[in-house]
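Reading through the structure tokens given below for one structure.
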Amino acid sequence: MPIITLTTDFGEKDHFAGAIKGAIYSELPEVKIVDISHSVAPFNIGEAAYIIQNAYKSFPKGSIHIIGIDSELNPDNKHIAISLDDHYFICANNGIMSMICQEIAPYKIVEINIHDKIETSFPVLDVFVKVACHIARGGTLEVIGKVINSIKPIKNLIPFVNDEKTQIIGNVIYIDNYGNVVTNISQAFFESIQKTRAYEISARNYKFKTIHNKYSDIVNFSIPEERRNDEGRRLVVFNASGYLEIAVYKSNTETVGSASSLMGLSLMDTVTVSFSKT
Amino acid sequence: MPIITLTTDFGEKDHFAGAIKGAIYSELPEVKIVDISHSVAPFNIGEAAYIIQNAYKSFPKGSIHIIGIDSELNPDNKHIAISLDDHYFICANNGIMSMICQEIAPYKIVEINIHDKIETSFPVLDVFVKVACHIARGGTLEVIGKVINSIKPIKNLIPFVNDEKTQIIGNVIYIDNYGNVVTNISQAFFESIQKTRAYEISARNYKFKTIHNKYSDIVNFSIPEERRNDEGRRLVVFNASGYLEIAVYKSNTETVGSASSLMGLSLMDTVTVSFSKT
Amino acid sequence: MPIITLTTDFGEKDHFAGAIKGAIYSELPEVKIVDISHSVAPFNIGEAAYIIQNAYKSFPKGSIHIIGIDSELNPDNKHIAISLDDHYFICANNGIMSMICQEIAPYKIVEINIHDKIETSFPVLDVFVKVACHIARGGTLEVIGKVINSIKPIKNLIPFVNDEKTQIIGNVIYIDNYGNVVTNISQAFFESIQKTRAYEISARNYKFKTIHNKYSDIVNFSIPEERRNDEGRRLVVFNASGYLEIAVYKSNTETVGSASSLMGLSLMDTVTVSFSKT
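Residue numbers (the numbering used here), protein chains in the order written: chain X, 494 to 771; chain Y, 494 to 771; chain H, 494 to 771.
See below:
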């Protein structure tokens with residue numbers, strides 16, 4: 494029996510996520526349900542795209558991922574199911590899947606068409622759960638939808654590169670629990686433009702000339718621990734998901750501060766990489 | 494093996510919810526435990542009542558619902574177990590169950606009396622878990638308590654209607670993750686008073702003459718998406734749980750604002766429906 | 494199949510906790526995973542120590558506890574696995590386990606040495622999960638690490654007692670979801686110093702002469718409920734975990750206030766117990 498995961502903007506308090514789990518177990522008592530996140534900012538497609546992209550790969554092949562963000566059915570916002578990379582995704586056609594689909598071509602996309610049998614103002618509960626349980630029982634996508642060829646794109650997904658290829662202009666797409674600031678500049682993309690040139694990264698007035706592989710690379714371990722003063726230092730890493738991230742060492746937004754709070758960086762802000770001429 | 498659900502005000506951080514799951518699995522390794530919510534505001538009986546009422550119905554018959562809000566045992570606050578609608582509920586006798594019991598008559602209520610065998614300052618862990626596991630193993634309520642006939646009521650549960658039946662005066666009973674404001678005016682109650690009359694809904698200085706069935710009903714889809722300006726618009730719906738709700742389209746308390754933040758509506762505030770004479 | 498629990502500072506929003514569950518289920522489809530907490534304050538070793546100490550005891554013998562706080566591998570911060578009290582703990586050697594180890598001697602400690610086979614900047618996902626699954630399958634600690642004899646201590650774990658034994662000077666080590674303030678003064682420690690003497694507890698300008706066993710001990714139940722005014726009253730209890738706690742009756746940081754907010758008590762603040770001469 495495959496795993497069903499949940500990624501929503503329902504929050505931790507309301508009854509929505511609990512109700513959905515109850516509905517799934519009512520249909521499939523033996524299935525495993527895993528919460529990926531219910532704390533996506535309301536209606537924030539970009540955050541949801543980043544979270545599901547980085548979580549789904551750790552799950553077994555055949556897993557079914559319900560994404561409940563901005564899922565009210567209307568003429569602009571159809572429901573879709575996608576099979577891709579041996580995983581299934583059920584969501585609204587609102588751009589959430591375009592980040593993953595840009596990296597890996599979908600195997601099949603259907604626009605869900607079982608709504609004539611279901612009257613609902615809570616489609617994640619009444620439609621997505623039905624589709625997920627259908628797939629979990631081995632059902633095919635064609636039974637619950639009609640095949641389509643493309644999905645709605647998300648904006649600002651790919652960083653801008655100037656014609657001379659001397660600059661990458663990226664955006665902040667996610668701010669994590671540590672207040673670290675994740676950009677849309679992936680390591681693969683960065684290296685394809687960089688070749689072997691030196692670089693300087695700019696975010697607001699802050700400049701960086703090194704991208705680290707892990708946070709504690711900035712620590713000088715030859716100095717005894719009690720005399721070091723690394724907490725709160727700014728740095729740039731390629732994070733565990735492979736994106737350029739502006740971080741603060743051992744940050745805590747509530748106490749020492751974080752990259753977001755100390756440097757004033759917010760979602761959609763610009764981060765620029767400038768390459769030297771040679 | 495039935496499902497055991499948890500609804501508490503323990504929050505997401507403390508060890509309480511984890512300890513309870515450990516205790517349940519220690520007794521019943523094969524049971525399924527589902528978190529409904531641990532983010533009920535501390536000691537907020539009304540919020541807990543709304544959450545459990547709207548979540549429990551999605552679970553399979555026979556499910557056992559532990560509600561850990563204000564559960565310290567004292568002369569005013571006994572522990573009860575209720576069988577109702579083929580579900581079981583274990584909680585303090587503090588009003589939490591009166592919202593459900595008003596809609597559906599309980600089949601049986603017992604006041605739990607196993608405390609002489611248990612010395613505890615953490616009754617959800619030491620008493621409610623024992624009762625839940627007893628029921629999950631097929632045990633009867635009479636073994637763990639003595640039958641009683643009524644439970645403590647909750648205040649402000651039912652909206653006020655004037656003698657002429659020209660006005661319903663309701664209250665805000667819940668504010669959801671989107672900052673939408675839920676009242677205690679159910680669709681069934683509203684329609685039983687309305688008959689066929691026109692109506693006007695007032696909350697603070699705001700007036701509404703339409704109740705929608707879903708949020709995007711206010712959108713004019715004939716205008717192209719990029720030229721519409723619907724985010725942040727106020728509206729009234731009967732929500733998926735069947736209650737009159739004052740909402741803001743695609744709200745986010747942190748960014749565009751929400752019904753609660755933009756209109757200054759808080760828990761217990763008044764919402765009035767006035768009916769025309771004919 | 495044993496239970497694997499998770500205690501981290503990953504927060505509720507990011508993909509980290511979801512990814513870890515996916516990775517565990519990919520290796521062990523039948524295992525049970527239980528979230529203890531993902532809301533430990535970032536890099537807060539003391540909070541994590543308190544949470545895991547109070548949660549683990551409720552789990553069945555043989556359970557495996559992954560603790561993902563400050564776990565980046567570097568010369569100062571090795572990875573360890575500990576068997577203790579018939580439970581297993583996997584974490585960084587950064588002091589988290591010293592609170593438990595002070596109470597119960599570890600049976601075995603190993604420094605994990607499987608890193609040469611794993612390139613990672615997300616060690617909880619890539620190392621801790623591997624170790625946990627190894628143990629869950631019945632593997633021994635020696636296969637994944639080399640035995641060591643001691644672990645890094647945590648600071649301020651034990652309260653100070655003056656030479657005359659007339660004073661205990663403790664610290665606030667945890668503030669719970671109700672804003673109650675937990676000190677490092679355990680009931681056993683308190684009683685070992687107190688003998689039969691009277692005492693006075695001081696926190697900031699507040700003094701207390703009684704330690705209660707439960708919160709509602711301060712309520713006078715002979716007065717009718719509607720005339721009592723106990724909400725918001727300050728008191729001291731030994732909490733369910735056995736630590737001296739300064740509390741506010743039916744507190745809520747957002748509304749009536751809490752011990753932390755009303756009395757201005759923060760992590761690491763001093764709480765003093767003074768004993769009378771006889």
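Virtual Cβ for every residue (Gly too), placed ideally from N, Cα, C.
Inset, instruction - Please confirm if Y:N567 has its CB atom under 8 Å from at least one CB of chain H. - result: Using beta-carbon distances, Y:N567 counts as an interface residue toward chain H, with a partner under 8 Å.
Inset, instruction - Mark Y:T689 as exposed unless 16 or more other C-beta atoms lie within 10 angstroms of its C-beta, in which case mark it buried. - result: In this structure Y:T689 is exposed. Its beta-carbon is surrounded by fewer than 16 other beta-carbon atoms within 10 angstroms.
Legend entry - Residue closest to X:G588, alpha-carbon to alpha-carbon, out of X:C626, X:K648 and X:I602: Looking only at X:C626, X:K648 and X:I602, the smallest Cα-Cα distance to X:G588 is reached by X:K648.
Inset, instruction - Taking all protein chains shown into account, decide if H:I497 is buried (16 or more other Cβ within 10 angstroms of its Cβ) or exposed. - result: Classification for H:I497: buried.
Inset, instruction - Compare the C-beta of Y:D507 with all C-beta atoms of chain H and state if any pair is closer than 8 Å. - result: So yes, Y:D507 belongs to the interface.
Inset, instruction - List the residues of chain Y whose Cβ lies closer than 7 Å to the Cβ of X:K778, in chain order. - result: With chain X covering only 494 through 771, there is no way to say anything about residue 778 of chain X.
Inset, instruction - Going by CA-CA distance only, name the one from X:K550, X:I637 and X:I739 that's closest to X:L760. - result: Per the Cα distances, X:I739.
Legend entry - In DSSP terms, what X:A696 is bridged to: Note: X:A696 sits in a beta bridge opposite X:Y699.
Legend entry - Opposing strand residues paired with Y:T676 [DSSP bridges]: Residue pairing by DSSP puts Y:T676 in a beta bridge opposite Y:V665.
Legend entry - Beta carbon proximity, X:K707 to chain H, threshold 8 Å: Judged by the 8 Å Cβ criterion, X:K707 is in contact with chain H.
Inset, instruction - Using a threshold of 8 Å, state whether the C-beta atoms of Y:F475 and Y:Q680 are closer than that. - result: In the structure as shown, chain Y starts at 494 and stops at 771, and residue 475 of chain Y therefore has no counterpart that could be examined.
Inset, instruction - Note down the Cα distance separating X:Y549 from X:P535, rounded to an integer number of angstroms. - result: If I take the Cα positions, the gap works out to 21 Å.
Inset, instruction - Would you tell me roughly how many angstroms separate the C-alpha atoms of X:A512 and H:H580, rounded to the nearest one? - result: When rounded, the distance between both Cα atoms is 34 Å.
Inset, instruction - With a threshold of 16 other CB atoms inside 10 Å of the CB of Y:A516, please say whether the residue is buried or exposed. - result: Label assigned to Y:A516: buried.
Legend entry - Every unbroken beta strand (DSSP E) within the region 696–768 of chain H, with a cutoff of 3 residues, ordered by chain: Entirely contained in the region 696–768 of chain H, the beta strand (DSSP E) runs reaching 3 residues are, in chain order, 699–701, 727–731, 736–741 and 763–768.
Inset, instruction - Give a yes or no on whether the C-beta atoms belonging to Y:S551 and X:L618 are separated by under 8 Å. - result: Result yes, Cβ atoms of Y:S551 and X:L618 sit closer than 8 Å.
Legend entry - Collapsed DSSP secondary structure at Y:A804 in the structure displayed: No answer is possible for residue 804 of chain Y: it lies beyond the span of chain Y, which begins at 494 and ends at 771.
Legend entry - Residues in the region 639–671 of chain Y having any Cβ partner in chain X nearer than 7 Å: Only those residues of the region 639–671 of chain Y whose C-beta falls short of 7 Å from the nearest C-beta of chain X are listed: D669, N670 and Y671.
Inset, instruction - With DSSP collapsed to three states, give me the class of H:S614. - result: If DSSP states are grouped into helix, strand and coil, H:S614 belongs with coil.
Legend entry - Top-ranked residue by Cα proximity to X:S643, from X:Q546, X:R721, X:A752 and X:K571: Looking at the Cα atoms, X:K571 is the closest of the given residues.
Inset, instruction - With DSSP as the reference, label X:L634 as helix, strand or coil. - result: X:L634: helix per DSSP, three-state reduction.
Inset, instruction - Closer than 7 Å by beta-carbon distance: list the chain Y residues that pair up with H:K623, in chain order. - result: Here the premise fails: no neighbours, minimum Cβ distance about 23 Å.
Legend entry - C-beta neighbour in chain X for H:S715, strict 8 Å: Output row for H:S715: interface = no.
Inset, instruction - Please confirm if H:P553 has its CB atom under 8 Å from at least one CB of chain Y. - result: True, the Cβ-Cβ gap to chain Y drops below 8 Å.
Legend entry - Contact list for X:G504 against chain Y, beta-carbon separation under 7 Å: Residues of chain Y passing the Cβ test: N670.
Legend entry - Enclosing beta strand (DSSP E) for X:G588 [first to last residue]: Unbroken run through X:G588: none, as it is neither H nor E.
Inset, instruction - Give a yes or no on whether the minimum CB-CB distance between Y:Y543 and chain H is below 8 Å. - result: No, Y:Y543 does not count as interfacial toward chain H.
Legend entry - Proximity test, H:P495 beta-carbon vs the ligand FMN heavy atom, cut-off 7 Å: With respect to the ligand FMN, the structure shown offers nothing to examine, as it has no ligands at all.
Inset, instruction - Identify every residue that forms a DSSP beta bridge with H:Q660. - result: Within the DSSP bridge table, the entry for H:Q660 names H:S767 as partners.
Inset, instruction - Note down the Cα distance separating X:N745 from H:R720, rounded to an integer number of angstroms. - result: Taking the straight line from one Cα to the other gives about 44 Å.
Legend entry - X:Y743 versus H:I562 - alpha carbon distance: Note on residue identity: the sequence assigns Lys, not Tyr, to residue 743 of chain X. Our two residues, X:K743 and H:I562, have alpha carbons roughly 11 Å apart in a direct line.
Inset, instruction - Would you mind telling me which residues of chain H sit closer than 8 Å to Y:S519, beta carbon to beta carbon, in chain order? - result: Contact note: Y:S519 reaches chain H through S551, F552 and P553, using a C-beta cutoff of 8 Å and chain order.
Legend entry - X:K514: first and last residue of the uninterrupted alpha helix (DSSP H) it sits in: It spans F509 to E520 - the alpha helix (DSSP H) in which X:K514 sits, taken as one unbroken run.
Inset, instruction - Leaving out five residues on either side along the sequence, give the residues of the same chain with a beta carbon under 7 Å from the beta carbon of H:I597. - result: Exclusion of the five residues before and after H:I597 leaves L577 and D578 as the residues of its chain whose Cβ lies within less than 7 Å of its Cβ.
Inset, instruction - State the beta-bridge partners of Y:E604 as determined by DSSP. - result: The bridge partners DSSP lists for Y:E604 are Y:I573 and Y:K639.
Inset, instruction - Tell me where the beta strand (DSSP E) around X:H558 begins and ends. - result: I557 to G561 is the span of the beta strand (DSSP E), which, as asked, contains X:H558.
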